[in-house]
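Counting with numbering that gives the first Met the number 0, you get residues 0 to 107 for the letters of the sequence shown. Following: one structure in structure tokens, then a few remarks.
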Amino acid sequence: MRNLALALVLLSSPVALADGAATYNMMCTSCHGATGAGDGAAAVALTPKPATFADPEFWTTRDDAHLKKVIKEGGMAVGKSPLMAPFGAALTDAQVDELIAYIKTFKK
């Protein structure tokens, strides 16, 4: 079902996906890496390490609501790293949704 939802996002809104990619590249790549492997340049200095979006295990316990909460409120909001900053003041709900759609493209 999730793959169907992602396919609908990709087919119906290539601009939204491109916007999500631009937001990811600007705000997330330094920690999560260009391919979502958690290997961004800043990841070397982080403990715990950033989430790995390319790991299928990551997706067994995360859904859109969880991702939205982490992006908007930061890692501490879901019991994760306080180093994951909240971006709710910097991003609109639409931008967060676009970002989540883009992050989902890292699923294997």
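All C-beta atoms in this analysis are idealised placements derived from N, C-alpha and C, irrespective of residue type, glycine included. Since we're looking at a predicted model, the values are computed, not measured.
- Closest option to C27, judged by alpha-carbon separation, among K106, K107, A93 and F86: F86.
- Distance from the CA of A33 to the CA of T51, rounded to the nearest whole angstrom, comes to 11 Å.
- Under the three-state reduction of DSSP, F105 is assigned to helix.
- Straight-line measurement puts the Cα of I70 at about 15 Å from the Cα of A21.
- Note on geometry: alpha-carbon atoms of K79 and K48 lie some 10 Å from one another.
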